[in-house]
Amino acid sequence: MRIHKRTAVAMAAALIGSLTLIGAGTVTATAEETSVALPSASFRDIVVDGVHDRVFVSDPTGGSIVVTDYAGAVVQQITAEEGAAGLVLSADSRKLYVALSTVGAIAEIDTATLTETNRYPTGADTSPQSLAMAGGKLWFGYTVGSSGGIGSLDVAFPVPGYVADPLEGPA
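Take any residue in the sequence shown, note its place counting from 1, add 197, and you have its number in the working numbering.
Given below as structure tokens:
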């Protein structure tokens, strides 16, 4: 009994999948495809800021964040962001946080002025890679040698020179 049901399901899927071959027509893309070259050596992460109509692209090799408008035109390149990896926006889009993988820190960028306003160390020998906002904290994934872990930074009460809290990973 099960064999017949599977056969019927497979035949129905094959029939539905072949409709485009037997006259359902061709699909034409309505959006024009374009590409824009960015002044970057590499790419790691991308974040879209709907408040300021900007797109942020991290460049870990070049140590920068490329900022574009929605058409892809470069607005600015934020430099001296060593190992710029993961990106995340604050809930109000006022701050962009950048994981700086080669210097063990998280940079805070003001999205209105496009300047770094603060830098938070993530702990000895850590290499932050990815970022996420949840529960009023900035969470970061990091590596130490061949191991990894997570840590957090309380962005509600940032203090200059504050060291983010790397949590202990599994033993």
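Note that the Cβ used here is the ideal one computed from N, Cα and C, for glycine as well.
- In the displayed model, PHE337 falls within a strand according to three-state DSSP.
- The distance from the Cβ of GLU278 to that of ILE262 is about 6 angstroms, consistent with a contact at the 8 angstroms cut-off.
- Each residue's CA atom was taken as its position, placing LEU350 and VAL245 some 22 angstroms apart.
- Judged by DSSP secondary structure, TYR317 falls within the beta strand (DSSP E) whose first and last residues are 312 to 318.
- When DSSP states are grouped into helix, strand and coil, SER232 belongs to the coil group.
- The beta carbon of ARG251 sits closer than 6 angstroms to those of VAL264, all from its chain and outside the five residues before and after it, given in chain order.
- Here DSSP, grouped into helix, strand and coil, assigns PRO325 to strand.
- Here the alpha carbon of VAL295 sits roughly 16 angstroms from the alpha carbon of THR340.
- In this structure, THR231 is the residue among ALA281, THR231, THR310 and THR312 with its C-alpha nearest to the C-alpha of TYR267.
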